[in-house]
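Asks:
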Amino acid sequence: MKIGVLALQGDFREHLVAAKSAGHAALTVRRPEELAEVDALILPGGESTTIAHLASTFNLMQPIRDRIKSGMPVYGSCAGMILLADRIIDGSDGQETFGGIDMTVRRNAFGRQVDSFESDLDFQGVNLHAVFIRAPWVEEVGATVEVLATVKTAKGSHAVAVRQGRLLATSFHPELTGDLRVHRYFFDQVCTGAIK
Amino acid sequence: MSEAVGTARVKRGMAEMLKGGVIMDVVNVEQAKIAQDAGACAVMALERVPADIRAQGGVARMSDPDMIEKIKAAVTIPVMAKARIGHFVEARILESLGVDYIDESEVLTPADFENHIDKWDFKVPFVCGATNLGEALRRINEGAAMIRSKGEAGTGDVSNAMMHMRKIGAEIRRLSSMREDELYVAAKELQAPYALVKEVAETGKLPVVLFTAGGIATPADAALMMQMGADGVFIGSGIFKSGDPATRAAACVKATTFFEDAKVIADASRGLGEAMVGINVADLPAPHRLAERGW
């Protein structure tokens, strides 16, 4: 597969490495014509405000929304999760997303950088070490969204990995640990699986 | 479930998320909002921008906590703030305010002319300046989770940022080409810890994110530094000392993302109004060069 990584801002290089390590062609996406080339897209970690701002400045907002609607597989980590959410809480004024997943995501939900943490979690029955950096969590999901992992905090239990059809989102950063299992799940199951 | 805050991975990971972005110095809420709306990936709160510190003189310190709180409330992107070199109490205050990154900065008046802050002792990550590889590795050894080349702040003259990026890059390339038994002497010459020297020799890069700073005033300057291998750009006086800050800020963000596309940078460079009035670094007498602070 040709995997595109949205390369407007953030840790897109780590996702390019992950896609290559899994045996796929990996391409940076900064322009509409580059988006048209790829079979699937990864939205990296970074600043969702910055990425959304640049996506709209460089005419990528609508093309990405259109590809999502027509069934392109997309995986978003952290800022990428925010960008895949239909609704966000605590966004900057008028912050836009690509949308696609029927969920409400709370930005900076765990607190500020001093509250950033790493933790083990259960991702689909697999024990995974996850890194959360100024991470969002999923506040609520629609009926068609499958919750793949949750994290317990003093404020309750929150979804941190979700899937809706060909869209996958995690509020943590598997690209920072060199553990490819979330990426493999995306390439091998989300990209090729039947749309739910 | 094991859960850990303030680990090296979490601190360095935060800087990874800033890559490809522009971090802008701001001294008030209005500037912070302009920076966020322009697509800055973070803002840096400080008392006065470097050009004003230069022009006005006096002792430059950490910002007023009230100002930092207001800026934190006004934007959703990360908020960084500067502390004086060695002033670990200013750093503790900034940590308690929930600042996302602390810049132990030579732009402020140093509080300690021998020691930097022991940054391992903090949950909040630190960024530090460096003019060469040895200095960068000493800061990392003290716990810095991100490095910025210093350049010469408040001048609008990019030549020193260029010199420091070239120097750090050249020294990394030199280490990569050395025999293992030569690295002991290399560590001595760099005045850096051997373990970090060996790590850089093996990986061919710094163990943390490397931004650039000091003198970046135009979209072309920002793109130049990205082409020199910077992971991102700090802009201090360049934006809010220019004629049209909002437009210039957005233009610098665009040029940083599309740093290899001359056409995008050309478009971003049109109609920006006046750039900040620059000072040639060569005209600055040596004791007034901020890059020489840090040991």
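Read top to bottom, the protein sequences are chains A and B. With our numbering as the guide, the letters of the first sequence map in order to residues 2 to 197. With our numbering as the guide, the letters of the second sequence map in order to residues 82 to 376. Cβ coordinates follow ideal geometry from the N, Cα and C atoms, glycine included. Every value quoted in this text rests on a predicted model; they were computed, and no experiment measured them.
1. So, B:A356 versus B:G296, is the Cβ gap smaller than 9 angstroms?
2. Between A:L44 and chain B, is there a C-beta pair that is closer than 9 angstroms?
3. List, in order along the chain, the chain E residues whose C-beta lies closer than 7 angstroms to that of A:E34?
4. Taking C-beta pairs closer than 8 angstroms, name the residues in chain B that A:D116 reaches, listed in chain order.
5. Nearest-angstrom Cα distance between B:I228 and B:L291?
6. Bridge partners of A:F124, per DSSP?
7. Since A:S57 is in the alpha helix (DSSP H), which residue starts that stretch and which ends it?
8. Are the C-beta of A:E140 and some C-beta of chain B separated by less than 9 angstroms?
9. A:F124: which of A:S22, A:P175, A:P45, A:E140 sits nearest, CA to CA?
10. Identify the contact partners of A:I134 in chain B, using a Cβ-Cβ distance below 7 angstroms as the criterion.
11. Between which two residues does the alpha helix (DSSP H) containing B:T338 stretch?
12. DSSP three-state call for B:Q272: helix, strand or coil?
13. Please give me, in chain order, every unbroken run of the alpha helix (DSSP H) with length at least 4 that falls completely inside the stretch 54-114 of chain A.
14. Is A:T178 close to chain B? Criterion is C-beta to C-beta, closer than 9 angstroms.
15. Tell me B:V314's beta-bridge partners as DSSP assigns them.
16. Could you please give me the residues that DSSP links to A:W138 through a beta bridge?
17. When burial is assigned at 16 or more other CB atoms within 10 Å of the CB, is B:H369 buried or exposed?
18. For A:K3, which beta-bridge partners are listed by DSSP?
19. Going along chain B in order, which residues have a C-beta closer than 8 angstroms to the C-beta of A:L9?
20. Are A:I102 and A:A80 close, meaning C-beta to C-beta below 9 angstroms?
21. At least one CB of chain B closer than 9 angstroms to the CB of A:A160: is that the case?
22. By the 10 Å Cβ neighbour count, where 16 or more other Cβ atoms means buried, how is B:M82 classified, buried or exposed?
Replies: With the structure as the only source:
1. Not closer than 9 angstroms, so no.
2. The beta carbon of A:L44 sits no closer than 9 angstroms to any beta carbon of chain B.
3. Annotation note: the requested chain E is absent from the structure, which comprises protein chains A and B.
4. Per Cβ cutoff of 8 angstroms: V86.
5. If you take the alpha carbons of B:I228 and B:L291, they lie about 5 angstroms apart.
6. BP columns for A:F124 point to A:V127.
7. Element bounds for A:S57: 49-58.
8. Not flagged as an interface residue toward chain B: A:E140, since no C-beta distance is shorter than 9 angstroms.
9. Between A:F124 and the set A:S22, A:P175, A:P45, A:E140, the nearest pair of CA atoms involves A:P175.
10. V91, G94, M95, M98, listed in chain order.
11. B:T338 -> alpha helix (DSSP H) spans 326-338.
12. It is coil, neither helix nor strand.
13. Counting only runs of 4+ residues, the alpha helix (DSSP H) found wholly inside the stretch 54-114 of chain A occupies 62-70, 80-85, in chain order.
14. Yes - at least one Cβ of chain B is within 9 angstroms of the one on A:T178.
15. Looking at the DSSP assignment, B:V314 forms a beta bridge with B:V103, B:T293.
16. Its beta-bridge partners are A:R107.
17. B:H369 comes out exposed.
18. For A:K3, which the question treats as bridged, DSSP gives the partners A:A26.
19. The contacting residues are G101, T338.
20. In terms of Cβ geometry, A:I102 and A:A80 do not form a close pair [threshold 9 angstroms].
21. So, not an interface residue.
22. Note that B:M82 scores 46 on pLDDT, short of 50, meaning its location in the model is unreliable; the coordinates nonetheless yield the value given after this. With fewer than 16 Cβ atoms within 10 Å of its Cβ, B:M82 is classed as exposed.
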